[in-house]
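> Before I ask anything, here is the structure I am working with.
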Amino acid sequence: MELKLAAKGTVTQCREKLNSTIAALPMPETQENKVVRMIAHFIVAEYLDPLHDPWQAEVNALRAARLPPPQGSNAKTPDPPEPVASFVIDCKILLGG
């Protein structure tokens, strides 16, 4: 099995690209697919989540602390921008070959 995948953008965009690729793996699951899932899990757990979690906590704290806008106003305080990320997977998995 060969897997080539690259993503660049917000953490959410990178996670969605990774998830859609993993979801498209053929069934029934092979040993090679399990290795690919482990690689994907590693990227999420060790790279994307540590970028995303502090940002999400900051967004939640800011939203909780915001006062409602003055009556008749549609003014919204923007959330801080989501962090950007990028990754490249380029691997070939051969088991028992």
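The opening position of the sequence shown corresponds to residue 109 in the numbering used here, with each subsequent residue numbered one higher.
Glycine included, C-beta positions come from ideal geometry on N, C-alpha and C.
1. Use the C-beta contact count for residue 202: other C-beta atoms within 10 angstroms, 16 or more gives buried, fewer gives exposed.
2. Quick check: residue 156 and residue 122, are their CB atoms within less than 9 Å of each other?
3. Which parts of the stretch 119-204 are runs of the beta strand (DSSP E), unbroken and 3 residues or longer, counting only runs that do not cross its ends?
4. Closest by CA to residue 185, which one among 130, 112, 126, 168?
5. Would you please state the rounded distance, in angstroms, between the beta carbons of residue 116 and residue 181? I believe it to be under 8 Å.
6. Run the CB neighbour count on residue 144, radius 10 Å, all protein chains shown included, and call it buried at 16 or more, exposed below.
7. Taking only the alpha-carbon atoms, compute the straight-line gap between residue 112 and residue 170 and give it to the nearest angstrom.
8. Roughly how many angstroms separate the alpha carbons of residue 162 and residue 196, rounded to a whole number?
9. Would you grab the beta carbon distance between residue 119 and residue 159 for me? Rounded to a whole angstrom, and I think it's under 8 Å.
If we stick to the structure as given:
1. exposed
2. yes
3. 192-200
4. 168
5. Not confirmed; about 37 Å, so no contact.
6. buried
7. 38 Å
8. 23 Å
9. 5 Å
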